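Participant:
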Amino acid sequence: IGDHFAKTNGSSYEGELQLENVKTGSIFIKVTCQVMKPIETEVKLGFSKLQLEGKEQEREATVRALDESEQLREDAINELGAKEQEVIRTAEELAEKQRHHQTELTVKEKNILDQADIIEEKIQNYEEARVALLETEAKKKEAETKLTAAEEKILEKAQELARKEVENAEALTAKEQQILAAADALEEKERAHEDARKRMAQIEGLKAEVEN
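Residue numbers (our numbering): 84 to 295.
1. Once the 5 residues before and after Glu153 are set aside, which same chain residues still bring their CB inside 7 Å of it?
2. Which of helix, strand or coil does DSSP assign to Glu187?
3. Could you spell out the range, first to last residue, of the alpha helix (DSSP H) harbouring Lys281?
4. Taking three-plus beta-carbon pairs below 8 Å as touching, is the region 214 to 228 in contact with the region 273 to 288?
5. Alpha carbon to alpha carbon, how far is Val114 from Glu143?
6. In this structure, how does DSSP classify Lys155 when only helix, strand and coil are distinguished?
7. Spell out the partners DSSP gives Glu239 in its beta bridges.
8. If we ignore side chains and look at the alpha-carbon of each, how far apart do Glu239 and Leu263 end up?
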């Protein structure tokens with residue numbers, strides 16, 4: 084039946100189909116199908132995989148940003164004096180109480196919340212300063228680990244030499260062996276740059292979380 088599809092560009096077939104291993108007889112069929120080329124299927128599957136990986140990385144980055152944001156707040160509160168910490172704790176209890184019971188706050192309780200707002204601004208400033216420092220460090224690391232044009236050429240040459248070694252076309256010279264050794268160090272630098280780039284993305288998420 085595949086031959087019949089080939090005649091119609093693989094989209095459909097309508098007509099008689101001769102029966103095999105019988106003297107006479109045929110059946111009338113009408114079939115429509117969609118044929119995907121192997122390479123097209125492979126590309127679509129590859130794209131779907133990349134989309135899923137991207138979403139998973141985005142989810143992990145969000146979780147890390149939330150965890151880091153919570154840690155920053157905890158560090159900021161630990162930097163406060165005992166009295167300020169007590170005000171923050173009391174304000175959190177009052178906010179929880181109001182959410183559950185919708186009760187009217189007393190003048191004293193409102194005063195505590197006003198104090199808490201001032202302290203919260205102090206906490207916010209602490210968090211933003213810490214994030215700015217983390218961002219500066221990450222940018223420095225990213226810049227330090229970025230390969231120069233010359234280093235990228237060394238890596239390209241090393242890849243050619245690696246293929247040459249695998250094919251065993253000829254023994255590598257001492258100079259070529261040195262290039263391969265240098266490439267190992269550059270690959271490590273390249274991995275460090277990728278880690279630094281990911282860290283920058285995390286800090287962007289953390290900054291957004293702190294600002295909110």
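Here a beta-carbon is modelled for each residue, glycine too, at the ideal position from N, C-alpha and C.
Fair warning: this is a prediction, and the values are worked out from it, not measured in the lab.
Facilitator: The structure says:
1. none
2. coil
3. Ala257 to Glu294
4. yes
5. 47 Å
6. Reading the sequence as shown, one finds Leu at residue 155 and not Lys. Helix at Leu155.
7. Answer is none; Glu239 lacks a bridge partner.
8. 10 Å
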